[in-house]
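Residue numbers (the working numbering), protein chains in the order written: chain A, 366 to 730; chain B, 366 to 730.
Positions of the beta carbon are idealized from the N, C-alpha and C atoms, including for glycine.
As the structure is a prediction and not an experimental result, all values here were calculated from the model.
There are 2 protein chains.
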Amino acid sequence: MKDIVNIYIDRIFKGNCIDEMKKMPSESVDMVFADPPYFMQTDGVLRRTDGTKFSGVEDRWDKFSDFAEYDKFTTEWLSECRRVMKKDASIWVIGSFQNIYRLGYIMQNMGFWILNDVIWSKPNAVPNFGGTRFQNSHETLLWCAKTKDAKYSFNYKTMKYLNNGKQEKSVWNIGICIGHERLKDENGNKVHSTQKPEKLLYKVIMSSTKPGDVILDPFFGTGTTGAMAKATGRHFIGFEMEEKYIKYAQKRIESINPVIDDITNLKLEVKPPKVSMSRLLEFGYLRPGQKLYSKDKSKEVVITASGHVSDGKEELSIHKMSAKMLGLMNHNGWDYFWVENKGEGLMPLNSLRYKYQKERGEGQE
Amino acid sequence: MKDIVNIYIDRIFKGNCIDEMKKMPSESVDMVFADPPYFMQTDGVLRRTDGTKFSGVEDRWDKFSDFAEYDKFTTEWLSECRRVMKKDASIWVIGSFQNIYRLGYIMQNMGFWILNDVIWSKPNAVPNFGGTRFQNSHETLLWCAKTKDAKYSFNYKTMKYLNNGKQEKSVWNIGICIGHERLKDENGNKVHSTQKPEKLLYKVIMSSTKPGDVILDPFFGTGTTGAMAKATGRHFIGFEMEEKYIKYAQKRIESINPVIDDITNLKLEVKPPKVSMSRLLEFGYLRPGQKLYSKDKSKEVVITASGHVSDGKEELSIHKMSAKMLGLMNHNGWDYFWVENKGEGLMPLNSLRYKYQKERGEGQE
DNA sequence: CATTGATATGAATCCTACG
DNA sequence: ACGTAGGATTCATATCAAT
C-alpha cells in the first residue's frame with residue numbers, strides 16, 4: 366500500500382478503468398469490488414401495465430453487440446484487477462442473469478477461486494409487469510480469492526455478531542436503494558440507474574477487509590463503495606468514465622462521517638494470546654506435578670514436565686486429553702481445564718495466557 | 366409426443382444419458398429438468414465441530430479431471446437435450462457455484478435464452494463448520510427457452526395463486542430433502558447423496574408445463590422428477606446409469622397417487638373467449654348505435670358499425686377509448702365498459718363474449 | 001400421551017503456523 | 001515444499017429416548 370498511498374488513495378480517476386489500471390503497480394490493493402455493465406438485452410421500451418415507461422438500464426455504457434465483445438471486455442478488466450490485487454486479496458463482482466454466467470466462467474478460467482456466490486435477495490424488487498416470468502428479485506455476487514491456496518480475509522465473528530449470533534448465509538435480504546439514500550439530480554431524476562444500497566457494500570467491506578485496507582472499484586459510479594469504505598475506516602480507489610457520476614460521488618463521500626468503533630476495528634476477531642503450555646511452565650505460571658481440573662472438579666489431571674497432562678493412564682496434550690474426557694475427537698483444552706488459584710477457587714487455564722501476555726507483553730500474534 | 370409415446374413415455378432407461386438421448390427423435394419433449402454432477406472439488410474429510418465425519422458427495426459420478434473435461438461433458442449432454450426439445454419447450458438446470466457458471470455460459474453460447482435464474486434458498490442448509498466462509502445456503506436453477514423468440518409455457522396465474530396471490534419471485538424458500546421423503550436403504554443410509562425435495566420439482570413442473578406434457582430428466586437419480594410428473598398428470602422420460610437408483614425410483618413412482626385437480630389442470634390459466642367486437646355485432650349481440658357505459662355510468666360511448674366506439678370526438682377501439690378515459694396509454698376495454706341489459710341494469714361487456722361462446726360454441730383458443 | 005432433551009445429519013470447493 | 005502439532009469451529013430439523 367505504501368507505494369501507491371500518496372498517488373491513488375481515496376481518489377476518483379476519470380477514464381476507462383482498463384487503461385487506468387494499467388498505470389497502477391502490481392499487487393497493490395487488498396480488495397476489489399466491481400459492478401460492471403450488465404449487458405441487458407432490452408430492445409425497445411419496457412412499459413408498465415398502466416403504460417408508463419419503466420426507466421431501466423438503457424444508458425449507452427450498457428450496450429454490447431454480442432457475447433464475444435462482452436467476454437473480451439470482461440477478460441480485459443478482470444485481468445487488470447487480478448494483476449493489481451495483492452496475493453491474498455479477494456474480489457467481489459456483482460451481476461444479474463444476463464452477465465453473471467459470463468463473469469463466473471471467465472473468472473474460474475483465469476484462476477480465481479470462488480469462495481461463495483452470494484445472493485442479494487431484494488424484498489422490494491421491480492415486479493414483472495407482463496406476467497411472463499418469475500419476478501427477478503435478486504442479483505448475484507461472486508466472492509473469489511486470487512488463487513485456490515490464498516489466505517483471504519474473512520471476518521467470521523463480526524459477520525456472526527451482525528447476524529444475531531448465527532453464522533451469515535450466502536443469501537442476503539437487503540432492500541434496493543430508494544428514499545434519501547438514492548441520489549437525485551436537480552430535476553429529481555435518479556443520477557445513476559443502478560445505484561447499490563449502502564447496506565450491501567457495508568456487508569461486503571466488513572466481511573472481507575481489515576481497517577486501513579485499500580479497496581479498488583473499477584466501475585465507481587456514484588461511489589457507494591467509496592462512501593462505505595470511508596465510513597468504515599478503509600481506503601478506496603475509484604475509476605469512472607462519466608464526469609457527472611464523479612461529481613456526485615465526490616460530494617457524497619465528502620459528507621460521510623466515519624464510524625470507527627469496535628465493529629469496524631474488528632475487535633471481535635481478536636484471538637487468545639498464542640502462549641504454549643511449555644512457555645507457561647518455563648516462566649513459572651505453572652509447575653510440573655500441578656493439577657488441572659474440569660470445571661466441576663469431577664476430573665483431574667497432572668501436568669508433566671513437557672507441558673502435556675496425564676490422567677494416570679496416558680500422557681496427552683491438553684487438547685487431546687479434554688477431547689478424551691468429553692468423548693470427542695477434538696476439543697480445546699484451554700477452555701476445558703481450570704487451575705487452582707492460591708486457595709481462592711478455580712480460574713480458567715486460558716486466563717493464565719492473558720496474564721502472561723499482560724505481564725510479559727508477548728504472545729499476541 | 367405421439368411418435369415416442371409407446372416407446373419412451375413414463376419409463377426409466379439405464380445408461381449414459383448422452384448415448385441414450387441420441388436414439389431419441391428430435392423435437393419430442395416439452396420440458397427438460399437436469400440435475401447434472403456438480404463437480405465438487407473436495408478432498409480429504411470434513412468433520413463437524415464435534416469431530417464426527419460429514420458425509421457429502423463422494424460418488425464416482427462426480428469426478429472430473431478439470432474444467433475442460435467437465436465443459437466437454439456439459440456441452441455434449443446439453444446438445445442432445447436441445448435437439449430433443451420441441452421448439453417451444455423449456456429447460457431447467459440446477460447447480461451450485463462449483464458448476465453453475467460453466468452451465469450458464471455454455472447454455473448461452475448454445476443459443477438457450479435465460480428466462481430466469483431461480484435461487485433455491487435452503488433454510489436448513491449444511492452449516493460452514495470451520496467458520497471460513499459464508500454458509501452456502503442456496504443452489505441455482507437456470508430456466509431457459511430453446512431460443513429467444515420461443516413461446517414457452519409459463520403458468521403465471523397458477524404460480525401467483527400458489528404464492529398467496531402475489532406474483533412468484535426468483536428466490537424460492539424450500540427446505541432440503543429430509544425425513545420420510547428421503548429414501549433410505551435397508552441399512553438406514555441415504556440412497557442418493559443429492560436427492561431433491563419434491564416441493565422444488567412440484568414448483569418447477571407446475572410453473573412451466575401443461576397437463577400431459579412430456580418431461581425429460583437425463584440424470585434421473587431416485588426419480589423426484591418422475592414422481593412429481595406422475596403426481597401432477599404429466600409424463601416423464603428418465604435416464605440413469607446406476608441400477609440401484611433405478612430400482613428405488615421405480616418403486617417410489619409406483620406408489621404415487623396422482624392428484625388431478627383444477628390446479629394441476631391449470632384451470633386458473635383459462636383466458637376469456639377470443640370473440641371480437643365485430644363478431645358480436647355480426648351475430649346480433651350488439652348493434653351499431655348502442656351505448657356502452659363506464660361502470661358508474663358517468664361516461665358513455667356509441668358503438669360504430671365497424672366495432673369501434675365514439676365519444677363524439679374520436680372513433681377508437683374499446684381499448685384505446687377506455688385508456689383515453691382513464692388517462693392511461695393502455696387499458697383493457699372489455700373490463701372497462703358495461704352494457705344495458707334489457708332494462709335490468711348494466712352487465713359487463715366482457716360477459717357477452719362468454720354468452721357468445723356458450724351459445725355458439727366458438728371463441729375458445 | 002405430552003413435553004423435553006439428546007442425538008443424528010444434510011451437494012462442502014471448511015486451518016495455520018512452525019520447523 | 002511438506003509434514004506435524006496446535007487449536008478453532010455448527011444450523012435446522014427429524015428421530016428417539018427419557019420424564
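Between the alpha carbons of Ala596 of chain B and Asn554 of chain B lies a gap of roughly 26 Å. Rounded to whole angstroms, the gap between the alpha carbons of Lys513 of chain A and Asn464 of chain B is 16 Å. Only those residues of the segment 480-497 of chain A whose C-beta falls short of 8 Å from the nearest C-beta of chain B are listed: Leu480, Asn481, Asp482, Val483, Ile484, Ser486, Ala490, Pro492, Asn493, Gly496, Thr497.
Interface residue (Cβ-Cβ distance to chain A less than 8 Å): Tyr719 of chain B is not classified as such. The C-beta separation of Tyr658 of chain A from Phe702 of chain A comes to about 7 Å, placing the pair in contact by the 8 Å criterion. If you check the CB distance, Phe584 of chain A and Ala399 of chain A come in under 8 Å. Residue-level contact check: Leu631 of chain A does not touch chain B, since none of the beta carbons of chain B fall below 8 Å from its beta carbon.
DSSP places Gly544 of chain A within a helical segment (H, G or I) once states are collapsed to three. Identification of chain B residues near Tyr466 of chain A by a Cβ-Cβ cut-off of 7 Å yields Tyr466, Gly469, Tyr470, Gln473, ordered along the chain. Assigned with DSSP and collapsed to three states, Arg376 of chain B falls in strand. Contact of His503 of chain A with chain B is assigned, a C-beta pair being separated by under 8 Å. Not one beta carbon of chain A lies nearer than 8 Å to the beta carbon of Gln722 of chain B. For Thr505 of chain A, DSSP records a beta bridge to A:Gly460, A:Ile484. Taking a C-beta distance under 8 Å as the contact criterion, Ser393 of chain B and Val449 of chain B qualify as a contact pair.
Close to Gln532 of chain A, with beta-carbon spacing below 8 Å, are these residues of chain B in chain order: Pro492, Asn493, Gly496, Phe499, Gln500. Using a C-beta cut-off of 8 Å, the segment 556-576 of chain A makes no contact with the segment 508-523 of chain B, since fewer than three inter-stretch Cβ pairs fall below that distance.
For Lys379 of chain A, the closest C-alpha among the options A:Lys487, A:Asn481, A:Ile611 is that of A:Ile611. Residue pairing for Met396 of chain B: DSSP places it in a beta bridge opposite B:Ser455, B:Ile580. DSSP places Gly603 of chain B inside the beta strand (DSSP E), whose first and last residues are 600-605. Put simply, of B:His600, B:Ile374, B:Tyr373, B:Asp415 the residue whose alpha carbon is nearest the alpha carbon of Gly692 of chain A is B:Asp415. Pairing Arg652 of chain B with Met690 of chain B, the inter-Cα distance amounts to about 22 Å. With contacts defined as CB atoms closer than 8 Å, Ala592 of chain A and Ile621 of chain A qualify as a contacting pair. If you draw a 10 Å sphere on the C-beta of His503 of chain B, you find 16 or more other C-beta atoms in it, and that means buried. Boundaries around Trp442 of chain A are those of the alpha helix (DSSP H), 432-449, since no beta strand (DSSP E) includes it. When secondary structure is reduced to three states using DSSP, Val491 of chain A falls in the coil class, being assigned neither helix nor strand. Counting C-beta pairs closer than 8 Å gives three or more between the segment 492-499 of chain B and the segment 525-535 of chain A, which meets the contact rule. Under the three-state reduction of DSSP, Tyr658 of chain B is assigned to strand. Against chain A, the beta carbon of Ser430 of chain B has no neighbour under 8 Å; the closest one sits roughly 15 Å away. Take Cys446 of chain B, set aside five residues on each side of it, and the residues of its chain with a beta-carbon closer than 8 Å to its own are Met386, Val397, Ala399, Ile456, Leu581, Pro583, in chain order.
Between Val667 of chain A and Lys656 of chain A, the C-beta spacing is below 8 Å. Inclusion of Thr523 of chain B and Met571 of chain B in the CB contact set at 8 Å is warranted, their separation being smaller than that value.
Excluding sequence positions up to five before and after Phe477 of chain B, its CB lies within less than 6 Å of the CB of Cys509, all in the same chain and listed in chain order. At the C-beta level, Ala490 of chain A and Ile541 of chain A come within 8 Å of one another. Under the three-state reduction of DSSP, Lys555 of chain B is assigned to strand.
For Asp436 of chain B, the CB contacts under 7 Å within the same chain, skipping 5 residues up- and downstream, are Arg467, Ile471 in chain order. Per the DSSP secondary-structure output, Gln500 of chain A pairs in a beta bridge with B:Lys534.
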